[in-house]
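**Q** Questions regarding the structure given below will be posed in turn.
Residue numbers (the UniProt record's numbering): 1 to 158.
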């Protein structure tokens with residue numbers, strides 16, 4: 001697998017974002033994640049967006065981080081917020097999410113971020129398993145969904 005940085009508005013990123021939003025809708029019935037994201041959020045040095053491509057050049061996995069500092073949504077200074085982690089169904093079980101997560105953590109660390117944070121939901125057991133097995137622990141809720149009962153937030157020191 002080739003993992004490379006791309007802009008959040010790259011056609012492959014848009015395609016995978018549409019797929020993850022459709023999966024969120026199936027799981028939660030709410031049309032997908034309503035968190036506002038902008039391509040500028042993922043531009044270095046304040047963020048990164050990665051896509052993994054298979055041996056045929058097809059985009060099969062994605063994830064990004066964006067800088068967050070202390071705000072009224074519960075973030076703290078030095079946060080790097082993980083967004084849009086996703087692996088297409090046909091490529092799951094190959095460790096792609098774990099590889100992208102490690103690359104994003106390293107990139108955020110090199111950018112001077114001190115904590116990686118993420119929000120997931122109760123209907124995403126695979127994500128919960130990935131994050132807890134990668135050293136993430138529950139943290140104070142933050143972000144758009146911080147008041148939703150199905151929201152779960154995790155953090156890991158970088």
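Ideal placement from N, C-alpha and C gives every residue a C-beta, glycine not left out.
Could you have a look at residue 83 and say whether DSSP puts it in helix, strand or coil?
**A** What you label residue 83 is simply residue 83 of the chain shown in a count that begins at 1. In this structure, residue 83 counts as strand in the three-state DSSP scheme.
**Q** Do the stretch 128-142 and the stretch 111-120 touch if we need at least three Cβ pairs shorter than 8 Å?
**A** yes
**Q** Indicate the three-state DSSP secondary structure (helix, strand or coil) for residue 7 in the structure shown.
**A** The sequence position of residue 7 within the chain shown is 7, counting from 1. The answer is coil: DSSP assigns residue 7 none of H, G, I, E or B.
**Q** Starting from residue 106, trace the alpha helix (DSSP H) in both directions and tell me its first and last residue.
**A** Sequence index remark: in the chain shown, residue 106 carries index 106 (1-based). Where residue 106 is concerned, the enclosing alpha helix (DSSP H) stretches over 96-110.
**Q** Apart from the five residues on each side of it in sequence, which residues of its chain come closer than 6 Å, Cβ to Cβ, to residue 25?
**A** The residue given as residue 25 occupies position 25 in the chain shown. Scanning its chain for C-beta atoms nearer than 6 Å, with the 5 sequence neighbours on each side dropped, one finds around residue 25 the residues 31 and 32, in chain order.
**Q** May I have a chain-ordered list of the beta strand (DSSP E) segments no shorter than 3 residues that lie completely inside the stretch 26-53?
**A** With a minimum length of 3 residues, the continuous beta strand (DSSP E) runs that stay inside the stretch 26-53 are 47-53.
**Q** In angstroms, rounded to a whole number, what distance separates the CA positions of residue 7 and residue 74?
**A** Walking along the chain shown from the start, residue 7 turns up at place 7. Walking along the chain shown from the start, residue 74 turns up at place 74. If you take the alpha carbons of residue 7 and residue 74, they lie about 26 Å apart.
**Q** Residue 16 and residue 86: beta carbons closer than 7 Å?
**A** Residue mapping note: residue 16 aligns to position 16 of the chain shown, counting from 1. Residue mapping note: residue 86 aligns to position 86 of the chain shown, counting from 1. Taking 7 Å as the Cβ cut-off, residue 16 and residue 86 qualify as a contacting pair.
**Q** For the putative contact between residue 52 and residue 128, defined by C-beta atoms under 8 Å, what is the C-beta separation to the nearest angstrom?
**A** Translated into positions along the chain shown, residue 52 becomes position 52. Translated into positions along the chain shown, residue 128 becomes position 128. About 21 Å; that fails the 8 Å criterion.
**Q** Which word fits residue 161, buried or exposed, when buried means at least 16 other C-beta atoms lie within 10 angstroms of its C-beta?
**A** Outside the shown range of the chain, which is 1 to 158, sits residue 161, and nothing can be said about it.
**Q** Taking the alpha carbon of residue 93 as the point to measure from, which residue in 123, 157 and 130 has its own alpha carbon closest?
**A** Walking along the chain shown from the start, residue 93 turns up at place 93. Checked all of 123, 157 and 130; the closest Cα to residue 93 is 130.
**Q** Mind checking whether residue 81 and residue 66 have CB atoms under 7 Å apart?
**A** Here residue 81 refers to the residue found at position 81 when the chain shown is read from its first residue. Here residue 66 refers to the residue found at position 66 when the chain shown is read from its first residue. Cβ atoms of residue 81 and residue 66: closer than 7 Å.
**Q** Just curious, the beta strand (DSSP E) that residue 62 is in, first and last residue?
**A** By 1-based counting over the chain shown, the position of residue 62 is 62. Here the beta strand (DSSP E) through residue 62 covers 59-68.
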